[in-house]
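A.B. asks: Before I ask anything, let me first share the structure, which is written out below as C-alpha cells.
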Ligand code: BGC
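Numbering (our numbering), first residue to last: 2 to 756.
In C-alpha cells, the structure reads:
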C-alpha cells in the first residue's frame with residue numbers, strides 16, 4: 002500500500018469513513034484503493050475473538066482458547082521476561098487468528114481496592130505497571146501485532162465509568178496516573194492507545210487536546226494512533242481536532258457526515274484529517290506485513306505455559322512453617338473453589354476456555370479428602386456444609402481452605418462495595434482453625450481482601466486470578482514442587498477505611514475528586530506510617546535470601562548523569578528459589594511533599610541453594626525527580642538521596658546515599674507576599690539578605706537568633722523567615738519604592754510585586 006498515494010486519491014467521504022469502525026470489531030475497508038479491513042480483539046490475558054455477534058461485555062460467545070493469569074496476578078511476578086513471553090505467545094495466536102490488534106494491556110492505577118476492573122490492571126505503582134506493560138507490548142508487537150494500551154487516562158473506577166470526571170491536579174496526573182502510559186509509548190513503542198470514557202477535570206478524554214496531543218504526541222513523541230474506548234465519542238469533530246483517530250465500534254455513519262461537514266465548512270482542517278488517515282493506514286500496513294493466517298499454534302502447550310505462569314505469579318503471604326506440605330500426609334481440601342477455581346474476572350476480558358484445571362483434579366496421587374465448605378452461589382449460614390467441613394478437617398493432618406471472592410464480586414461495569422469475602426467463608430476458616438492446627442488458606446480474587454482470620458491461619462497463599470491452570474499451580478506450590486516467588490504489586494490495607502481514596506470513592510454524581518493527590522497505595526501508608534495487612538512488594542519463599550555489598554558507583558552526580566547501583570543476593574536456604582530485589586529512592590529534605598520511598602528499580606533473580614548473584618540497576622534523572630508544576634516538567638532538587646534495596650517496601654535490607662546536583666534552575670518570581678526565607682533560595686535574594694543583615698545563609702541567621710537567648714530564639718528565627726517582603730516596609734526598614742526596586746532587581750523585567 003502506498004500510503005501517501007492512497008491519501009491523495011481518497012475522497013473526503015472515504016477519509017471520514019476510515020475514521021470509524023465497519024462493525025463491532027473491524028476497521029473500515031476501501032476496496033478500490035486496496036485498503037483492507039482489520040480486526041481488533043479484546044483480551045489481554047488471552048484472546049477474546051468473537052466470530053458471531055459482537056459485544057464488549059463478555060456476553061456472546063468467543064473462540065475457545067487459553068486463559069492466562071490476569072494482570073493483577075501477572076504483576077506479582079515482577080518478571081519482565083514472563084510478560085514478554087506472554088506477549089509473544091498472544092502475538093502468534095493473533096497472527097494465526099488474523100487479528101491485527103489486541104486491546105490491552107490495561108495500565109490504569111489501582112487507586113482504590115474497590116475498582117471492579119482491578120484484576121485487569123497491574124499495580125498501584127506507576128513504574129512497575131509501566132515496566133511490565135512495556136515488556137508485554139514488546140513481546141506482542143515483536144510478532145507484528147499491535148498492542149492497544151488502555152484506558153488513557155485516569156480511568157480508575159467503574160461507577161459512572163462512561164460519563165464521570167476524574168478531577169486531579171497536574172502533578173498527580175503526571176506523577177501517578179500517566180507514567181505507565183508514558184513507558185508504554187517510549188519504551189514499549191505501543192502502536193495504539195485507547196482513550197478512556199471518563200473525563201479529566203471536566204473534559205472527556207476523547208476530546209482532550211492536552212492529553213491526546215500536547216502530552217501524548219508533543220511531550221512523549223507518540224507516533225501511533227488513538228482509538229476510542231468502545232462508544233466513548235461524544236463530539237466526533239472535537240475529537241479529531243483534539244488528536245483522536247479511530248472511533249470504535251462506529252455508529253450508523255452520522256459521525257462520518259459530521260466530519261465531512263466540518264471540513265467543508267472550514268471548522269476542521271483537512272490536513273488534520275489526513276494525519277489521522279495516515280496513522281490508520283500505517284496500522285493497516287503493519288497488519289498486512291505481519292499477517293500469517295496459516296500459522297499453526299499449539300493450544301495445549303500454551304495452556305501448560307499458563308499453569309507455569311500462574312505458579313510464578315502466586316504470592317506466599319504468610320507461612321509459619323505449615324508449607325510446603327509433605328505429600329505423604331493426609332490433606333483436607335475444603336471450599337468450593339478447590340473444585341471450581343476462580344481464575345478470571347467478568348466483562349470484556351472474559352476468555353472462553355475449554356477447561357479450567359481445579360486443585361482437586363490436579364492433586365491426583367496425593368491423599369486428599371474434600372468438603373465443599375460453602376456454596377458460592379448461595380451465601381449464608383449452611384450448617385450441613387460447615388459440619389461436613391469440620392469433620393473432614395479434623396480427620397486430616399492439614400486443612401487447605403480455598404477461599405476468596407465469588408465471580409459476581411469482580412466485574413467490569415461495577416465496583417465492589419467493600420473489601421470483604423463472603424461471611425460464610427470467614428466463619429468456615431475461623432471454625433476450622435479451632436479443630437485443626439495446620440490451616441492453610443489459598444486465596445482467589447483479583448484485588449485485596451480483608452482477612453479477619455489472618456492470625457489463625459498457619460499459611461496464606463494468594464493465587465489472585467491465575468488463569469485456567471490455577472488449580473494445578475496451587476497444588477505444585479502447596480507441595481513444594483515449585484517455590485513461590487511472587488511479590489505483591491499492591492498494598493493490602495488492614496481495612497477499607499484505611500485506603501487513601503476512601504472518602505472520595507466513587508465520588509458524587511460522577512465527580513471524582515482525587516483528594517489524596519500523589520499519595521496512593523504504599524506512598525500513602527508509608528507517609529502516614531500506618532500498619533498494613535501486607536505491604537507492597539511483600540512475598541515469602543521456602544528459602545531465605547541474604548543481601549550484601551551495596552555499591553553506588555559514585556557518591557555524587559549531576560541530574561543528567563546515570564548512576565549504577567549494585568548489590569549481591571545469596572540463597573541461604575536449602576531449596577532453589579526466585580527473589581524480587583527491589584530498589585527504592587527517597588529524598589528526605591525536599592521542599593515539596595514527597596513519598597517516603599518510591600520504587601525505581603526491580604530485578605527478579607533465580608538462585609540455587611548457596612548460590613550468589615550480583616544484581617545491577619541503572620538510575621537516571623527520573624529516578625530522583627518529581628513533577629514540578631512551575632516548569633511543567635520533571636525536576637530533581639539538589640540534595641542527598643537515599644537508595645534502598647529491599648525484599649519488600651517494608652523490608653529494607655541495604656541502604657546508601659548519593660548527592661544529586663540539579664542542572665535546571667526553576668524561575669522564581671517574587672511578590673510582596675514572598676518571604677525572607679524565599680529570598681534565601683536564590684543567589685540574588687541571598688545577596689540582598691546579606692546586605693540587610695550582614696548574614697547570607699540560614700545557619701548564620703540561626704546562630705544570630707540564638708544569641709538572643711533561649712525561648713525567644715525560635716520565635717525570632719521564624720519571624721525572620723516567615724516575614725513577607727511587604728512587612729519590611731510596615732516595620733519601617735524600607736520604603737515602598739525601595740521594595741519595588743528590590744523586586745525589579747529580583748524579577749528582571751517583571752518588576753511588580755503584584756502576582
Ligand atoms: C472496555 C474496553 C474494551 C472495549 C471493547 C469497553 O467497554 O472498557 O476495555 O476493550 O469495551 O470490548
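Ideal placement from N, C-alpha and C gives every residue a C-beta, glycine not left out.
1. Our contact map puts residue 125 next to residue 144 with C-beta atoms below 8 Å; I'd like the distance itself, whole angstroms only.
2. Kindly indicate which three-state DSSP category residue 555 falls into: helix, strand or coil?
3. Could you check the C-alpha separation between residue 1 and residue 297 for me, to the nearest Å?
4. What are the start and end residues of each continuous alpha helix (DSSP H) run of 4 or more residues lying completely inside the segment 226 to 311, in chain order?
5. Could you tell me the alpha carbon to alpha carbon distance between residue 257 and residue 137, rounded to whole angstroms?
6. DSSP three-state call for residue 760: helix, strand or coil?
7. For residue 370, which residues of its own chain have a beta-carbon under 8 Å away from its beta-carbon, when the five flanking residues on both sides are left out?
8. Please check the pair residue 242 and residue 269, which I expect to be a contact at CB under 8 Å, by giving their CB distance rounded to whole angstroms.
9. Put residue 756 into one of helix, strand or coil per three-state DSSP.
10. Does the segment 336 to 354 come close enough to the segment 49 to 59 to have 3 or more Cβ pairs within less than 8 Å?
11. If I follow the unbroken beta strand (DSSP E) through residue 595, where does it start and stop?
12. Determine the burial state of residue 754: buried for a count of at least 16 other Cβ atoms within 10 Å of its Cβ, exposed for fewer.
13. When DSSP builds the beta bridges, which residues end up paired with residue 40?
14. When you compare the CB positions of residue 583 and residue 597, do they come within less than 7 Å of one another, or not?
15. Where in the segment 335 to 374 do unbroken runs of the alpha helix (DSSP H), each at least 4 residues long, occur, reported from the N-terminal end onward?
16. Tell me, which residues are paired with residue 463 by DSSP?
17. Label residue 756 either buried or exposed according to how many other C-beta atoms from any shown protein chain fall within 10 Å of its C-beta, with 16 as the threshold for buried.
18. Determine, using beta carbons only, whether residue 520 and residue 507 come nearer to each other than 7 Å.
19. Quick check: the Cα distance between residue 498 and residue 389, rounded to an integer number of angstroms?
20. Count the other CB atoms within 10 Å of the CB of residue 379; is the residue buried (16 or more) or exposed (fewer)?
21. By alpha-carbon positions, which one of 645, 377 and 739 ends up nearest to residue 654?
22. By the three-class DSSP mapping on this structure, what secondary structure does residue 742 have?
23. In angstroms with no decimal places, state the Cα-to-Cα distance between residue 49 and residue 411.
24. For residue 200, list the residues DSSP reports as bridge partners.
25. What residue range is occupied by the uninterrupted alpha helix (DSSP H) comprising residue 5?
26. May I have the straight-line CA-CA distance separating residue 421 from residue 100, to the nearest angstrom?
27. Hey, out of 576, 481, 362 and 108, whose CA is closest to residue 197's CA?
28. When DSSP labels each residue in this structure, what does residue 134 get in the three-state scheme?
29. Let's see if you can read the secondary structure: which residues bound the alpha helix (DSSP H) around residue 95?
30. Please report the distance separating the alpha-carbon of residue 752 from that of residue 746.
31. Compute the Euclidean distance between the alpha carbons of residue 203 and residue 737, then round it to the nearest angstrom.
32. What does DSSP give as the partner residue(s) for residue 103 in the beta ladder?
33. Nearest-angstrom Cα distance between residue 541 and residue 77?
34. With a threshold of 16 other CB atoms inside 10 Å of the CB of residue 9, please say whether the residue is buried or exposed.
35. Can we count residue 231 as close to the ligand BGC, meaning its CB is less than 6 Å from some heavy atom?
C.D. replies: Concretely, from the data shown:
1. The residue given as residue 125 occupies position 124 in the chain shown. The residue given as residue 144 occupies position 143 in the chain shown. Not quite, the Cβ-Cβ distance comes to about 30 Å (not below 8 Å), so this is no contact.
2. Here residue 555 refers to the residue found at position 554 when the chain shown is read from its first residue. Residue state, collapsed to three classes: coil.
3. Absent from the structure is residue 1, since the part of the chain shown begins at 2 and ends at 756.
4. For the segment 226 to 311, the continuous alpha helix (DSSP H) assignments of 4+ residues that do not extend past its boundaries occur at 237 to 243, 255 to 265 and 271 to 291, in sequence order.
5. Stepping through the chain shown from its first residue, residue 257 is reached at position 256. Stepping through the chain shown from its first residue, residue 137 is reached at position 136. About 34 Å.
6. Outside the shown range of the chain, which is 2 to 756, sits residue 760, and nothing can be said about it.
7. Taking the chain shown and counting its residues from 1, the one referred to as residue 370 is at position 369. Same-chain partners within the cutoff: 331, 332, 333, 334, 393, 396 and 397.
8. Counting from 1 along the chain shown, the entry for residue 242 is found at position 241. Counting from 1 along the chain shown, the entry for residue 269 is found at position 268. Going by Cβ atoms, the distance from residue 242 to residue 269 rounds to 6 Å, so yes, they are a contact pair.
9. Position 755 of the chain shown, counting from 1, holds the residue named residue 756. Confidence at residue 756 is low in this model, with a pLDDT of 42, below 50, so its placement is unreliable and no value can be given for it.
10. yes
11. Counted from its first residue, the chain shown places residue 595 at position 594. Looking at the DSSP string, residue 595 is not in any beta strand (DSSP E), and its letter there is neither H nor E.
12. As a position in the chain shown, residue 754 is number 753, starting the count at 1. At residue 754, the pLDDT of 49 sits below 50, so the modelled position is not reliable and the matter cannot be decided from this model.
13. Mapped onto the chain shown, residue 40 falls at position 39. Bridge partners of residue 40: 27.
14. By one-based count along the chain shown, residue 583 stands at place 582. By one-based count along the chain shown, residue 597 stands at place 596. No. Outside cutoff.
15. Qualifying alpha helix (DSSP H) stretches, in chain order: 360 to 363.
16. Start at 1 with the first residue of the chain shown, and residue 463 comes out as number 462. Residue 463 pairs with 316 and 444.
17. On the chain shown, residue 756 is found 755 positions in, with the first residue counted as 1. Residue placement at residue 756 is poorly supported in this model, since its pLDDT is 42, which falls under 50; the coordinates are not used for a value here.
18. By 1-based counting over the chain shown, the position of residue 520 is 519. By 1-based counting over the chain shown, the position of residue 507 is 506. No, these two residues do not count as a Cβ contact at 7 Å.
19. Here the question's residue 498 lines up with position 497 in the chain shown. Here the question's residue 389 lines up with position 388 in the chain shown. For residue 498 and residue 389, the distance between alpha carbons rounds to 35 Å.
20. Taking the first residue of the chain shown as 1, we reach residue 379 at position 378. Only exposed fits residue 379, as fewer than 16 other CB atoms lie within 10 angstroms of its CB.
21. Taking the chain shown and counting its residues from 1, the one referred to as residue 654 is at position 653. Relative to residue 654, the option among 645, 377 and 739 whose CA is nearest is 645.
22. Taking the first residue of the chain shown as 1, we reach residue 742 at position 741. Residue 742: helix per DSSP, three-state reduction.
23. Looking up residue 49 in the chain shown gives position 48. Looking up residue 411 in the chain shown gives position 410. If I take the Cα positions, the gap works out to 18 Å.
24. Walking along the chain shown from the start, residue 200 turns up at place 199. BP columns for residue 200 point to 166 and 205.
25. Here residue 5 is taken as the residue at index 4 of the chain shown, counted from 1. First-last of the alpha helix (DSSP H) with residue 5: 4 to 10.
26. By one-based count along the chain shown, residue 421 stands at place 420. By one-based count along the chain shown, residue 100 stands at place 99. Going by the C-alpha atoms only, they are around 39 Å apart.
27. Looking up residue 197 in the chain shown gives position 196. Closest by alpha carbon: 108.
28. Translated into the one-based positions of the chain shown, residue 134 becomes position 133. If DSSP states are grouped into helix, strand and coil, residue 134 belongs with the helices.
29. Within the chain shown, the letter at position 94 stands for residue 95. Counting along the chain, the alpha helix (DSSP H) containing residue 95 begins and ends at 81 to 97.
30. For the purposes of this step, residue 752 is taken as residue 751 along the chain shown, with counting starting at 1. For the purposes of this step, residue 746 is taken as residue 745 along the chain shown, with counting starting at 1. Legend: pLDDT at residue 752 = 48, less than 50; position of this residue unreliable, value from coordinates given subsequently. CA-to-CA, the gap between residue 752 and residue 746 works out to about 7 Å.
31. Stepping through the chain shown from its first residue, residue 203 is reached at position 202. Stepping through the chain shown from its first residue, residue 737 is reached at position 736. Between residue 203 and residue 737, the C-alpha separation is close to 43 Å.
32. Stepping through the chain shown from its first residue, residue 103 is reached at position 102. Residue 103 is bridged to 42 and 148.
33. Position 540 of the chain shown, counting from 1, holds the residue named residue 541. Position 76 of the chain shown, counting from 1, holds the residue named residue 77. Approximately 12 Å between the Cα atoms of the pair.
34. Here residue 9 is taken as the residue at index 8 of the chain shown, counted from 1. Classification for residue 9: exposed.
35. Numbered from 1 along the chain shown, position 230 holds the residue referred to as residue 231. Yes.
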